[in-house]
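In our numbering, the protein residues as written are 244 to 696. Scroll down for the structure; my scribbles are underneath it.
What follows is the structure in structure tokens.
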């Protein structure tokens with residue numbers, strides 16, 4: 244047996260120049276410290292300690308998640324001092340918030356699951372691959388004609404969950420009190436663009452050809468995506484606007500303020516040859532959803548859910564009805580602080596229903612539910628549970644929006660300092676400290692603790 248100790252890098256390092264420079268400085272300090280140590284070997288792609296469980300450090304920082312080993316028991320091999328030394332060097336470079344040190348049973352600060360840690364360790368022995376070329380030269384999808392749909396995007400390779408397949412700048416953005424009044428402004432914008440781009444814009448679907456809405460404005464009304472949640476500014480994207488709808492989509496679209504781009508992230512594994520889809524409408528029941536799609540986009544949805552047997556659609560509608568009711572209840576005035584235990588129960592039920600309805604692909608909705616659960620806990624002074632909720636919400640948000648989105652970064656900060664949230668201390672009825680998360684519990688027991696069930 245024995246006790247594990249070490250540190251996790253949270254969030255993991257990117258290939259950015261800033262992160263690479265910091266990792267290079269860290270490796271240089273480790274080299275200086277262990278240059279003459281016979282128990283430390285500097286291999287082609289990583290450093291390995293030849294004692295205990297042989298912990299390693301890769302030269303490619305983006306591969307790294309954890310440096311750890313057992314520091315007690317029959318297999319520790321005297322590695323404990325090295326674990327603490329290397330962890331201290333990491334903290335001096337990255338700070339204690341990012342180089343998250345932990346000591347099993349005492350400081351339970353680890354972040355990653357062992358499956359992803361082991362996968363990262365396996366990658367150390369492989370030469371570092373150069374950064375992927377730009378999307379234009381190595382796309383993960385192709386624009387193809389889809390039967391009964393027109394153009395759409397089809398995967399040209401197997402794409403894992405969390406992959407950002409598109410980060411597209413808008414061709415142009417516009418806002419206005421009425422779409423019908425935008426014909427002139429759009430015409431003026433198009434005149435400034437290359438003829439090819441003008442043709443591409445005019446080739447986008449227009450669901451309002453038979454209405455009073457002018458053609459250029461009709462195309463905008465059909466295709467524009469808001470530049471952020473609740474934004475009155477809409478953007479046009481010549482690639483993203485070709486992605487077709489599904490009521491059970493395999494990607495999520497979101498505006499990234501830091502990049503000034505609309506991003507598409509994979510929310511469940513996509514097979515090569517599979518169509519890439521997003522959701523055009525808010526979640527809802529079958530008939531209202533179909534009606535909205537017909538009115539706004541001009542098609543009858545034939546996605547796998549909408550073409551399911553009536554019995555399956557009936558069960559789906561039941562789940563979605565309950566999802567809407569739970570969401571409304573959680574968001575009700577003061578519910579989070581006035582009835583915390585009931586609200587926490589609703590959050591757990593909501594997450595369960597979302598998994599059942601969307602097969603685990605409703606990452607943004609699940610992430611929002613975990614954030615609601617975070618607010619419940621922190622409003623009662625329970626930093627331990629709040630931290631776990633924030634960690635889970637952070638992982639989901641990072642998958643569907645990326646590490647560089649503002650929402651992801653805000654949740655990440657709450658992992659380290661849950662008490663910074665405005666609701667902290669509204670009540671101290673569930674008071675706990677950040678380090679009070681129990682260890683050694685089986686999954687079922689841990690979930691009972693987490694949800695106070």
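Positions of the beta carbon are idealized from the N, C-alpha and C atoms, including for glycine.
For residue i, does the three-state DSSP call read helix, strand or coil?
| i | result |
| --- | --- |
| residue 593 | helix |
| residue 305 | helix |
| residue 369 | coil |
| residue 357 | helix |
| residue 253 | coil |
| residue 383 | coil |
| residue 451 | coil |
| residue 644 | helix |
| residue 615 | helix |
| residue 404 | coil |
| residue 675 | strand |
| residue 665 | coil |
| residue 389 | strand |
| residue 636 | helix |
| residue 262 | helix |
| residue 696 | coil |
| residue 273 | helix |
| residue 605 | coil |
| residue 245 | coil |
| residue 313 | strand |
| residue 631 | helix |
| residue 422 | helix |
| residue 683 | coil |
| residue 268 | helix |
| residue 320 | coil |
| residue 624 | coil |
Out of the options, point me to the one whose CA is closest to residue i's CA.
| i | options | result |
| --- | --- | --- |
| residue 547 | 665, 561, 491, 511 | 491 |
| residue 627 | 658, 613, 615, 288 | 658 |
| residue 726 | 533, 579, 633 | Past the boundaries of the shown model lies residue 726; the chain is included only from 244 to 696, so the question cannot be answered. |
| residue 618 | 577, 604, 638 | 577 |
| residue 605 | 282, 440, 297, 405 | 405 |
| residue 654 | 510, 607, 430 | 607 |
| residue 254 | 262, 509, 247 | 262 |
| residue 633 | 503, 336, 614, 642 | 614 |
| residue 661 | 624, 695, 673 | 624 |
| residue 677 | 279, 295, 353, 368 | 353 |
| residue 640 | 392, 509, 384 | 509 |
| residue 336 | 306, 455, 292, 266 | 266 |
| residue 649 | 693, 460, 497 | 497 |
| residue 453 | 461, 446, 447 | 461 |
| residue 529 | 549, 278, 340, 518 | 549 |
| residue 656 | 642, 674, 636, 558 | 636 |
| residue 481 | 503, 488, 620, 441 | 441 |
| residue 390 | 296, 467, 487, 694 | 487 |
| residue 444 | 485, 407, 422, 424 | 485 |
| residue 331 | 408, 249, 290 | 249 |
| residue 414 | 439, 340, 540 | 439 |
| residue 652 | 341, 294, 556 | 341 |
| residue 368 | 303, 402, 399 | 303 |
Pull up the CB-CB distance for residue i and residue j, whole angstroms please, since I reckon it's below 8 Å.
| i | j | result |
| --- | --- | --- |
| residue 245 | residue 316 | 2 Å |
| residue 589 | residue 499 | Their Cβ separation, rounded to whole angstroms, is 30 Å, which puts residue 589 and residue 499 out of contact at 8 Å. |
| residue 587 | residue 566 | The Cβ separation is near 17 Å, so there is no contact. |
| residue 298 | residue 285 | That pair is no contact at about 14 Å. |
| residue 520 | residue 501 | Not confirmed; about 26 Å, so no contact. |
| residue 456 | residue 411 | About 25 Å; that fails the 8 Å criterion. |
| residue 697 | residue 257 | Lying outside 244 to 696, the shown extent of the chain, residue 697 is not represented and no answer is given. |
| residue 459 | residue 430 | 6 Å |
| residue 448 | residue 393 | 7 Å |
| residue 300 | residue 270 | 7 Å |
| residue 569 | residue 592 | 6 Å |
| residue 360 | residue 418 | With 8 Å as the limit, residue 360 and residue 418 do not qualify as a contact, their Cβ atoms being about 46 Å apart. |
Considering just the uninterrupted stretch of the alpha helix (DSSP H) at residue i, what are its terminal residues?
| i | result |
| --- | --- |
| residue 435 | Residue 435 -> no alpha helix (DSSP H), and no H or E assigned at all. |
| residue 569 | 553-573 |
| residue 544 | From DSSP, residue 544 is part of no alpha helix (DSSP H); its letter is neither H nor E. |
| residue 687 | 686-693 |
| residue 656 | 649-659 |
| residue 296 | Here residue 296 belongs to no alpha helix (DSSP H), and DSSP marks it neither H nor E. |
| residue 579 | 578-581 |
I'd like the span of the beta strand (DSSP E) that includes residue i, first residue to last.
| i | result |
| --- | --- |
| residue 336 | Where residue 336 is concerned, there is no enclosing beta strand (DSSP E), although the alpha helix (DSSP H) it sits in stretches over 323-337. |
| residue 290 | 289-292 |
| residue 416 | 415-417 |
| residue 284 | 283-285 |
| residue 343 | 342-346 |
Let me know the alpha helix (DSSP H) ranges lying completely inside the stretch 456-535, each 4 residues or longer, listed in chain order.
Whole alpha helix (DSSP H) segments, 4+ residues: 458-466.
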